[in-house]
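These protein sequence lines map, in sequence, to chains A and B.
Sequential numbering from 1026 applies to the first sequence in the numbering used here.
Sequential numbering from 1026 applies to the second sequence in the numbering used here.
Below is one structure, written out as structure tokens; comments come after it.
2 protein chains.
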Amino acid sequence: MKILSFFERSSRNFRHSSPYSKFLVLLAVSTGGGIGLVAYSDAKSDHPSSDTKKKKVVVLGTGWAGTSFLKDVDCTKYDVQVVSPRNYFMFTPLLPSVTCGSVEARSIVEPVRRIINKKNGDIKFWEAECLKIDPKNKKVHCRSNHSVHVDGKKEFSVEYDYLIVAIGARANTFNTPGVTEHCHFLKEVDDAQRIRRSVMDCFERANLPDLSYEERKNKLNFVIVGGGPTGVEFAAELHDLINEDLVRLYPALHDLVKISVIEAGDHILSMFDKRISSFAEEKFHRDGIDLKTGYMVVNVSDKEITMKEMQNGKVHSLPYGMIVWSTGIATRPIILDLMKEIGQANRRVLATDEWLRVEGCENVFALGDCATIQQRKVMEDITAIFNIADKDNSGTLTADKVKKFLEGICERYPQMEIYMKHKQVSDLVDLLYGPNGKSGTKELSIEDFKAALTEVDSKTKFLPATAQVAAQQGTYLAKCFNKMEEREHDPEGPPRIRATGRHRFHPFRYRHLGQFAPLGGEQAAAELPGDWISIGQSTQWLWYSVYASKQVSWRNRMLVISDWMRRFIFGRDSSRI
Amino acid sequence: MKILSFFERSSRNFRHSSPYSKFLVLLAVSTGGGIGLVAYSDAKSDHPSSDTKKKKVVVLGTGWAGTSFLKDVDCTKYDVQVVSPRNYFMFTPLLPSVTCGSVEARSIVEPVRRIINKKNGDIKFWEAECLKIDPKNKKVHCRSNHSVHVDGKKEFSVEYDYLIVAIGARANTFNTPGVTEHCHFLKEVDDAQRIRRSVMDCFERANLPDLSYEERKNKLNFVIVGGGPTGVEFAAELHDLINEDLVRLYPALHDLVKISVIEAGDHILSMFDKRISSFAEEKFHRDGIDLKTGYMVVNVSDKEITMKEMQNGKVHSLPYGMIVWSTGIATRPIILDLMKEIGQANRRVLATDEWLRVEGCENVFALGDCATIQQRKVMEDITAIFNIADKDNSGTLTADKVKKFLEGICERYPQMEIYMKHKQVSDLVDLLYGPNGKSGTKELSIEDFKAALTEVDSKTKFLPATAQVAAQQGTYLAKCFNKMEEREHDPEGPPRIRATGRHRFHPFRYRHLGQFAPLGGEQAAAELPGDWISIGQSTQWLWYSVYASKQVSWRNRMLVISDWMRRFIFGRDSSRI
């Protein structure tokens, strides 16, 4: 009893926040008689609170972008308010694991209020959906999204000085008929839980008496549309669930199960290195997962999915038990409305500049999946660039002039650097004047200058819609906000091209830290920085450790690890809850 | 990596069932660097399978009664089929803990197929709802209850030789208007999860901007109707959730929260000993939980709950944020239909005899909350009893004759024993002839006999609708089924009163093992066998250990314990999922 009382007291002290650094060693006593030691540390800084005339920053969304902004923004400088229909942050890369019960939904979510609490509670959170962004009046209109009855005022509006739009995207159906009605998506916790129930449903249905062989088979036909990382990971998880756990509970049904992955392109995981893509395809073939590459889904009815062979236009139909639709993302309606208002109506995705500022309205920032950075093109600014470099207005550029101007140009136009790498030259002078031009006296006219750089913009890179990009953008923006006043007088960015002086901040630059593709059966593939490729079981262990370490809190980390342990020991659960 | 590979291999071996007893020591490696040892053992017997002409036993329901029957029935003797809309067994006593996140829903459920698998898979399970019991044709009509689309045949029927009805009961609303629409019940996993979301909803709603003080207060008014063990435990859990965890996340709202318990009787926990009931009431007063005893709810609207003071008939209204309705159980419609068909239409609850056989139809058994045992009354059989005892038909009974007949009479009529205890006599002779009548020659006429026993039946005990009763009934019935053939020739029960010979089996006798009432704040009360009472923190630890040990599988046990640990360490989660 003494140990337990100590334990309890410790845990209470631990949970009630103190401003000091905490360190707690927990004696974890289990009935099995074993003792486990877990080390825990958490640091917390003490901010003095001052509420005088702080500018209002409103953050929409609690996904990767919104949450990393929140974690890093300095609340003593701004009055931060968060609006989101989800009062938690979700670790999306583990969502496919939730669908099959390798990890519990609750383990990968962290309440926003816990994150806020770590910042001394200076952030307000409203659980509501944003209905409309009104950039003219600097307001957002919101509605509480509670399922239970609400009396009186449901809607309210929040004023802002700065607005951070980080509401993510919706699933893209490409307007295929029947998809919304009959397919599962995989974007939210609810989706994952529904998929999980649905898998169990298919097995229980196929197991009912009085069914023909064909009927049983159709019910156990699992179809995944989209061969991207999410679809592939779900297919792999499902295969594991069935072969490791369900086969023993439904032995008669095992041979009837079929998993199909439908992909319009020629390969699955096409965004990865070819070696990974081929490895995945081979593994799936070995596992008996049916890969239908080069097929486009044209219709989904309540019983069948219809697809067209891309090569010859032949149409095939496939009865199914469950479909998971995972073909990419599309813009949310509220963003489309905003785009109309600010003159971006002809675009498909909301555009921001390289500092994440929404083009066409002031003090509104957009990050994560809901926007793309519209990289300024070199050719658009080519005359201005030439004029700046040509300080004496001689109408021509010498290598010397270019050298002086080098600084900042590659930061402002990152495609320049990629183009130079592509051309295998080391700097701008080499590119413009050739390998021996450095010491020469060759002078470039504006036409020569344009001609040399005409293909640069073809190397403009668009950022992928991943958690990594969103998180980096959130952190970047928070840092900018924290230094806003300072940088007003002491700008750190590259020189302005179409104006004088410098930009306040460096533009956002994405650092790719690698990407995983778990393939099931304790196999994974990974693309690591520096074009490294890693495939196999060790990569799966790398996956475990990276994903455990990337959790936003120690709580999540412990929960996720203990979920993995539970799965190792007891297998996945088959209860339909 | 070596440790991990060992771990993985072990776990696979472990999970793939082998017919032998297993023992596995797991090295639980966590990132914290700690090592935990957990001992695990599981035994499994090897039954030879023989499918020749076995009688069909159909079990309806996978609750306490159905599952304990399944666990103990000998599948080599019967062709067992189970029909239930729930493909899992749920440990109901922990359901109130799920509502507030002290325990996860998944930890307290065990898939039926896992239980079946331990019996070598000789049991068939159909995930379906039973729509109609047809005792004339010995059939049950069922319908698959899947939420996803089902093609073709949804309904099917199952034939039986023996039917075990164990489908439980529904919540009793006493036909109070508005209850079904606006209140939460607490019977299923879904209910608990909905309540959990609803609590978080209330907090998030009360926290929205632009609300008045009154509006916030109303939204944080949590009302529990019914002061039984479930209602009281939920109130206690809710109080703990709010005071231990939510207070830090919503500091501004803490003073607005109010928890009320409405009970029509004079006391809460009235089925417990008075000391427990008073202790609970005092603790709730200290905790600031509003106890409204002596109030009956008469109406529930979308905003207010209306109740009548029992003493003076005054009507009060109370605005609320959430109501949990927990006032007892009522008979399910399908059972009411069956009752009409078998001549029990004028009863409120399905009646069985003391061997759990449904009165009025053959080979149908009912157990758990869906039926009550109709104890045969002594006075109904009084003449038959007298005649049997009076072997020589002299018309009078001597003490000797009664002594010979003693055997069996108390088993057949357990109220006799309670009555004797009440009268403080040690046996039947003392009761009939007085303390000195044993050696006397006093002879009893049938009128004397009747007069002496006329109050016996007032001591008939009805069994409470608890998990304990249901589980014991399931085990009892399984044992009867296992010995069915044997007992045909060698009956073990008491002598038949209105026929010759003996009953095949002993009638069902309930052994009360005690009952817990967790009261929150690490305090619990317990009624233990032998009229012992235990109250306080040590009782809470007893509660932890009893509930951990009572889990149906090692898996559940470990999950529940690790949930408790998680709660101790990290507190409860406030995410709205």
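Virtual Cβ for every residue (Gly too), placed ideally from N, Cα, C.
The structure displayed is predicted, hence computed values, not measured ones.
The DSSP assignment places complete alpha helix (DSSP H) segments of no fewer than 4 residues inside the stretch 1541–1586 of chain A at 1562–1574, in order along the chain.
In the structure shown, Leu1343 of chain B falls within a strand segment according to DSSP collapsed to helix, strand and coil.
For Ile1367 of chain A, the secondary structure class from DSSP, reduced to helix, strand or coil, is coil.
In this structure Ser1419 of chain A is exposed. Its beta-carbon is surrounded by fewer than 16 other beta-carbon atoms within 10 angstroms. Look at the beta carbons and you see the stretch 1113–1124 of chain A not touching the stretch 1190–1197 of chain B: under three pairs across the two are nearer than 8 Å. Within the same chain, and ignoring the five residues on either side of Thr1201 of chain A in sequence, the residues whose Cβ sits closer than 8 Å to its Cβ are Val1322, Val1323, Asn1324, Val1325.
Contact with chain B is absent for Leu1263 of chain A, since none of that chain's Cβ atoms lies less than 8 Å from the residue's Cβ.
Under the three-state reduction of DSSP output, Glu1334 of chain B falls in the strand class. His1528 of chain A is classed as buried because its beta carbon has at least 16 other beta carbons within 10 Å across all chains shown.
In terms of beta-carbon proximity, Asp1186 of chain A stays away from the interface with chain B, with every pair separated by 8 Å or more. At a cut-off of 8 Å between C-beta atoms, Tyr1103 of chain A does not count as an interface residue with respect to chain B. According to the DSSP assignment, Thr1092 of chain B belongs to the alpha helix (DSSP H) that extends over 1089–1097.
Two segments are said to touch when three or more pairs of C-beta atoms, one from each, lie closer than 8 Å; by this definition the stretch 1374–1390 of chain A does not touch the stretch 1466–1482 of chain A. With contacts defined as CB atoms closer than 8 Å, Val1427 of chain A and Ile1602 of chain B fail to qualify as a contacting pair. Closer than 9 Å at the C-beta level to chain A, one finds these residues of the stretch 1145–1160 of chain B: Gly1146, Lys1149, Phe1150, Trp1151, Glu1152, Ala1153. Where Tyr1187 of chain B is concerned, the enclosing beta strand (DSSP E) starts and stops at 1187–1190.
A direct Cα-to-Cα measurement between Asp1265 of chain A and Glu1329 of chain A gives close to 25 Å. Residue-level contact check: Ala1549 of chain B does not touch chain A, since none of the beta carbons of chain A fall below 8 Å from its beta carbon.
Thr1318 of chain A: member of the beta strand (DSSP E) spanning 1315–1318, first to last residue.
Between Arg1373 of chain B and Glu1129 of chain A, the gap from beta carbon to beta carbon reaches 8 Å or more. Between the stretch 1145–1161 of chain B and the stretch 1238–1253 of chain B, the count of Cβ pairs shorter than 8 Å is below three; the stretches do not touch.
Per the C-alpha coordinates, the member of B:Thr1124, B:Glu1184, B:Asp1556 positioned closest to Val1083 of chain B is B:Glu1184. Under the Cβ criterion of 8 Å, Met1225 of chain A is counted among the residues facing chain B.
Taking C-alpha positions only, His1166 of chain B is separated from Val1105 of chain B by approximately 16 Å. In the structure shown, the three-state DSSP call for Glu1387 of chain A is coil.
By the CB criterion at 8 Å, Arg1597 of chain A and Asp1270 of chain A fall inside the cutoff. Counting C-beta pairs closer than 8 Å gives fewer than three between the stretch 1573–1585 of chain A and the stretch 1298–1314 of chain A, which falls short of the contact rule. Buried is the label assigned to Tyr1103 of chain B, since at least 16 other Cβ atoms lie within 10 Å of its Cβ. With a 10 Å radius around the Cβ and a threshold of 16 neighbouring Cβ atoms, Glu1239 of chain B comes out exposed.
For Leu1392 of chain A, no CB of chain B lies under 8 Å from its own CB, so it is not counted at the interface with that chain. Across the set B:Ser1578, B:Trp1557, B:Gly1546, B:Pro1554, the C-alpha of B:Gly1546 shows the shortest separation from the C-alpha of Trp1566 of chain B. Look at Gln1440 of chain A here: in three-state DSSP terms it is helix. Going by C-alpha positions, Ile1140 of chain B is about 7 Å away from Lys1096 of chain B. At least one beta carbon of chain B lies nearer than 8 Å to the beta carbon of Phe1181 of chain A. Counting only the Cα atoms, Pro1254 of chain B lies some 25 Å from Ser1587 of chain B.
The count of Cβ pairs closer than 8 Å, one atom from the stretch 1087–1095 of chain A and one from the stretch 1496–1512 of chain A, reaches three, so the stretches are in contact.
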